[in-house]
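Novice: 64 is the number of the first residue of the sequence shown in the numbering used here; add one for each residue after it. Here a beta-carbon is modelled for each residue, glycine too, at the ideal position from N, C-alpha and C. Here's a structure for you.
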Amino acid sequence: MVYCQGCPWACCYCHNPQLQPNAAAVGVAWSEVLELLARRRGLLDAVVFSGGEPTAQPGLAAAMREARALGYRIGLHSAGIYPRRFAEVLPLVDWVGFDAKAPFDAAYERITGVRGSGVAALKSAHALLASGVDCEFRTTWHAGFLSLMELDRLTRTLAELGVRRYALQEFRASGGVAFRPEGAPVAADLDVLKRRFAKFSLRPA
Ligand code: SF4
């Protein structure tokens, strides 16, 4: 896993807030990562670019090409923040884990703190589904920041867009972030969600 520094959003539940600033106090140069990958050829199968938001990196496509040239398969974790760069790297990836945070309207902005974030994410989601790249859409969920009605709306939209694999990740508190504990989906809610996707996973906190 390669954790990329920098993310322009400020999600209320972010687990890696130290990766949000563009510059890091400490970090590893891509050239060093590449040397490590060259040494580990045959021992590792894939490189997953995560973050932060990997598509914030102007050098992402070049880095992916270099890793591919060493024989690695490429994975990408993204919230689809930069639709143009996201679309540019899709031909270079084998798998995408796409973070779908909320219905793609004002609810998105409530989570990310950024106006227009839902529009950007939806554009990237369209590009991903049109590309045919293997992918999983996932949502970090807690009733304290996303109501069951909103979750229902989001998953209905995703199913209509053609998402086949979906994971609901229960929010795991850390770093002083706290939400009200009540409101977990009951079995009936989960059954409704499950029926919307060919593959559904619940990842407990
Ligand atoms: S998009 Fe991801 S990295 Fe960026 S603030 Fe949100 S949770 Fe954190």
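Given a cut-off of 8 Å on the beta-carbon distance, is the pair A86 and F149 in contact?
Specialist: No.
Novice: Please go through the same chain and pick out, in chain order, the residues whose beta-carbon is closer than 8 Å to the beta-carbon of R128, but skip the five residues on each side of it.
Specialist: L155.
Novice: Cα separation between A165 and Y171?
Specialist: Straight-line Cα distance between these residues: approximately 5 Å.
Novice: Can you list, in chain order, the residues of its chain whose CB lies under 6 Å from that of S113, leaving out five sequence neighbours each side?
Specialist: M64, Y66 and H140.
Novice: Going by the beta-carbon positions, is the gap between A109 and G138 smaller than 8 Å?
Specialist: Contact flag set, yes.
Novice: Below 7 Å CB to CB, which residues in the same chain sit around A88 once its five sequence neighbours on both sides are set aside?
Specialist: Closer than 7 Å at the Cβ level, and outside the excluded window around A88, lies no residue.
Novice: Candidates G115, P267 and W158: which alpha carbon is nearest Q81's?
Specialist: Selected option, being the one with the closest Cα: G115.
Novice: Give, in chain order, every unbroken run of the alpha helix (DSSP H) that is at least 4 residues long and sits entirely within the segment 100-151.
Specialist: Counting whole runs of 4 or more residues, the segment 100-151 contains the alpha helix (DSSP H) stretches 123-132.
Novice: Would W72 and G207 be called neighbours here (beta carbons separated by less than 8 Å)?
Specialist: In this structure, G207 does not lie closer than 8 Å to W72 by Cβ.
Novice: At a threshold of 7 Å, does N85 count as lining ligand 1 (C-beta to nearest heavy atom)?
Specialist: Checking the Cβ of N85 against ligand 1 gives no.
Novice: Checking 8 Å against the spacing of the C-beta atoms, do A163 and L217 come in under that value?
Specialist: Contact: yes.
Novice: Taking just the CA atoms, how far does A251 sit from V196?
Specialist: Approximately 31 Å, taken between the alpha carbons.
Novice: Nearest-angstrom Cα distance between G69 and Q120?
Specialist: Answer to the nearest angstrom: the Cα atoms are 8 Å apart.
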